[in-house]
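Residue numbers (the working numbering): 477 to 549.
Pasting the structure below:
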């Protein structure tokens with residue numbers, strides 16, 4: 477009964493227990509918002525951000541953007 481924002485979150489870094497909240501609450505949880513903020517804040521000056529959405533904060537190896545502007549913290 478664990479929900480994660482992405483199937484790549486195999487380490488359950490952003491997990492939320494559905495025993496403690498419903499799906500809507502999990503979607504709006506602090507953990508999920510933290511995940512979304514990582515994506516929002518990546519590549520702030522990139523002209524391609526609408527295409528890649530900042531890349532994957534969980535598996536940066538799958539992002540093939542070589543831009544020096546790419547910043548996932």
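For each residue, glycine too, the CB sits at the ideal point set by N, CA and C.
Sequence-distant partners of residue 506 (beyond 5 residues in either direction) whose C-beta falls short of 7 Å from its own C-beta are missing from its chain. For residue 528, the enclosing alpha helix (DSSP H) starts and ends at 525 to 528.
Here residue 479 carries a strand assignment [DSSP, helix/strand/coil]. For residue 518, there is no enclosing alpha helix (DSSP H), since its DSSP letter is neither H nor E. Per DSSP, the unbroken alpha helix (DSSP H) holding residue 499 starts and ends at 499 to 503.
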